[in-house]
Structures are given as structure tokens and as C-alpha cells.
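K.L.:
Below: one structure in C-alpha cells.
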Amino acid sequence: MDLPIAIVMNRRILLPTDFSKSSKEAIEYAHGLGKDFNLDLILLHAGITGRHISTRIGSRKIVEAIKNSSELGMERLYDAVKKKSASNINISYDIVYSSSITKGVETYAIKNDIDFICIGTKGATGVKKVFFGSNAAKIISKSKVPVITIPENVTYKGIKT
Numbered sequence: 303m304d305l306p307i308a309i310v311m312n313r314r315i316l317l318p319t320d321f322s323k324s325s326k327e328a329i330e331y332a333h334g335l336g337k338d339f340n341l342d343l344i345l346l347h348a349g350i351t352g353r354h355i356s357t358r359i360g361s362r363k364i365v366e367a368i369k370n371s372s373e374l375g376m377e378r379l380y381d382a383v384k385k386k387s388a389s390n391i392n393i394s395y396d397i398v399y400s401s402s403i404t405k406g407v408e409t410y411a412i413k414n415d416i417d418f419i420c421i422g423t424k425g426a427t428g429v430k431k432v433f434f435g436s437n438a439a440k441i442i443s444k445s446k447v448p449v450i451t452i453p454e455n456v457t458y459k460g461i462k463t
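What follows is the structure in C-alpha cells.
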């Protein structure tokens with residue numbers, strides 16, 4: 303995949319994750335970019351909170367269990383990525399809670415001066431098949447920050463041009 307050089311010259315990449323295979327593949331891809339261009343990678347898990355979610359689930363204890371699970375998942379992911387990292391890559395992570403995943407990612411990106419968002423998608427042909435109803439589609443359509451989507455099973459092979 304060839305990316306415009308102007309994109310990779312920026313410094314801060316936001317990597318939203320739901321701990322799925324496609325989000326981990328996007329992280330791997332961005333890690334390759336980070337090695338080549340000395341970029342900062344920020345792993346972000348955006349969860350949904352608020353009155354509507356606790357009402358829907360029915361218990362504050364369940365909401366707390368979800369938050370604890372998110373924190374544990376993020377710590378494990380961070381540790382795994384950090385172990386693979388070259389010394390020139392600064393990796394950090396954060397967890398945010400918002401009324402929607404899209405809003406959480408967008409707000410975080412703007413407040414933290416993110417240069418672009420790198421998000422994994424499930425590969426398919428046609429934009430409608432790939433993005434219909436997905437969080438990735440919502441982030442792409444609403445984000446004021448540039449978004450790079452990484453389809454499943456794509457491996458970073460360097461920048462050629």
C-alpha cells in the first residue's frame with residue numbers, strides 16, 4: 303500500500319482498538335510505519351457509558367466489569383505491542399468512555415492533536431460492504447482528522463514512493 307509521503311511525515315497516529323483481529327492488524331501496520339518514520343503510536347479503546355448503557359445492561363456492577371475488562375485488555379495489548387517495538391517508537395495507550403465510540407475517538411483525536419487515525423476494517427469489495435453500519439464507517443464519515451483504513455490480512459511492506 304503506497305501512502306502519500308505527507309501523511310507519514312506527521313508524528314502522532316491514533317489506533318482505535320476493540321481488541322479484534324482487524325484492529326490488531328491495523329496496529330501491526332501502523333507499527334511498521336512507526337519503525338520507518340519515528341512516529342508516536344497511541345492505542346485507544348473507546349467504550350460506551352452513560353445512563354442508557356447501564357439501563358440497557360441493567361447493573362452498575364456489569365458496567366464496572368466491562369470497564370475492568372477493557373483496562374485489562376488494553377494493558378495486555380500495550381505490553382504485546384511494546385515488546386515488539388523498536389526503540390524509536392513511542393507507544394502509549396488510553397481508554398475513554400463516551401456516549402458513542404465514534405464520539406469518543408473523534409474527541410480524543412482533536413483534544414490530543416492527532417495527525418491521523420489508523421483503523422482496521424474487515425476486508426470486502428465495495429465501500430458499502432466494508433463499512434455498512436460499522437464503527438469504522440462512522441469514524442470515517444464523521445472524523446475531522448484524516449483516517450487510514452487497513453483491510454484484514456494486509457501486511458506493511460514499507461513505503462515505496
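To convert, take the position in the sequence shown, counting from 1, and add 302; that gives this note's numbering.
Yeah, the Cβ is synthetic: ideal placement off N, Cα and C, and Gly gets one too.
1) Measure the alpha-carbon distance for residue 509 versus residue 397 and round it to whole angstroms.
2) Going by alpha carbons, who is nearest to residue 342 out of 414, 423, 458 and 324?
3) Roughly how many angstroms lie between the CA atoms of residue 364 and residue 371, to the nearest whole one?
4) Using the Cα positions of residue 323 and residue 330, report the straight-line distance between them to the nearest angstrom.
5) Of all the alpha helix (DSSP H) runs that stay within the bounds of the segment 382–462, which reach a length of 4 or more residues?
6) Starting from residue 317, follow the beta strand (DSSP E) in both directions and report where the run begins and ends.
7) Should residue 431 go down as buried or exposed, given a rule of 16 or more other Cβ atoms within 10 Å for buried?
8) Give a yes or no on contact between the segment 402–420 and the segment 443–454, applying the rule of three or more CB pairs nearer than 8 Å.
9) Between residue 387 and residue 334, what straight-line distance do the alpha-carbon atoms span, to the nearest angstrom?
10) Quick one: grab the DSSP three-state call for residue 374.
11) Kindly indicate which residue of 320, 321, 328 and 349 has the alpha-carbon position closest to the one of residue 457.
12) Taking the alpha helix (DSSP H) that residue 335 belongs to, which residues open and close that run?
13) Are the Cβ atoms of residue 424 and residue 436 separated by less than 9 Å?
14) Return the CA-CA distance between residue 347 and residue 462, expressed in angstroms with no decimal places.
15) Taking the C-alpha atoms as reference points, what is the distance between residue 312 and residue 405?
16) Measuring alpha carbon to alpha carbon, tell me which of 325, 315 and 314 ends up nearest residue 438.
P.N.:
Per the coordinate set shown:
1) Any answer about residue 509 is impossible in this case: the structure gives the chain only from 303 up to 463.
2) Taking the sequence shown and counting its residues from 1, the one referred to as residue 342 is at position 40. For the residues 414, 423, 458 and 324, the minimum Cα distance to residue 342 belongs to 414.
3) Against the sequence shown, residue 364 aligns to sequence position 62. Against the sequence shown, residue 371 aligns to sequence position 69. Their Cα atoms are separated by approximately 10 Å.
4) If you number the sequence shown from 1, residue 323 lands on position 21. If you number the sequence shown from 1, residue 330 lands on position 28. Approximately 11 Å, taken between the alpha carbons.
5) Fully enclosed alpha helix (DSSP H) runs of 4 or longer: 403–413, 429–433 and 437–444.
6) Along the sequence shown, one-based indexing puts residue 317 at 15. Its beta strand (DSSP E) spans residues 314–318.
7) Taking the sequence shown and counting its residues from 1, one reaches residue 431 at position 129. Summary for residue 431: the model assigns pLDDT 46, below 50, so the residue's position carries little reliability, and this model does not support an answer.
8) Contact between the segment 402–420 and the segment 443–454 is present, because at least three Cβ pairs lie under 8 Å.
9) Looking up residue 387 in the sequence shown gives position 85. Looking up residue 334 in the sequence shown gives position 32. The C-alpha of residue 334 is placed about 9 Å away from the C-alpha of residue 387.
10) Position 72 of the sequence shown, counted from the start, is the residue given in the question as residue 374. Here residue 374 sits in helix by DSSP.
11) If you number the sequence shown from 1, residue 457 lands on position 155. The residue with the shortest Cα to Cα distance from residue 457 is 328.
12) Residue mapping note: residue 335 aligns to position 33 of the sequence shown, counting from 1. Segment 323–339, the alpha helix (DSSP H) holding residue 335.
13) Numbered from its first residue, the sequence shown carries residue 424 at position 122. Numbered from its first residue, the sequence shown carries residue 436 at position 134. Here residue 424 is near residue 436, since their CB atoms are less than 9 Å apart.
14) Residue numbering aside, residue 347 sits at position 45 when the sequence shown is read from its first letter. Residue numbering aside, residue 462 sits at position 160 when the sequence shown is read from its first letter. Their Cα atoms are separated by approximately 31 Å.
15) For the purposes of this step, residue 312 is taken as residue 10 along the sequence shown, with counting starting at 1. For the purposes of this step, residue 405 is taken as residue 103 along the sequence shown, with counting starting at 1. Residue confidence is low: residue 312 scores 48 on pLDDT, short of 50, so the model does not pin down where it sits. No coordinate-derived value is stated.
16) Here residue 438 corresponds to residue number 136 of the sequence shown, with the count starting at 1. With distances taken between Cα atoms, residue 438 lies closest to 325.
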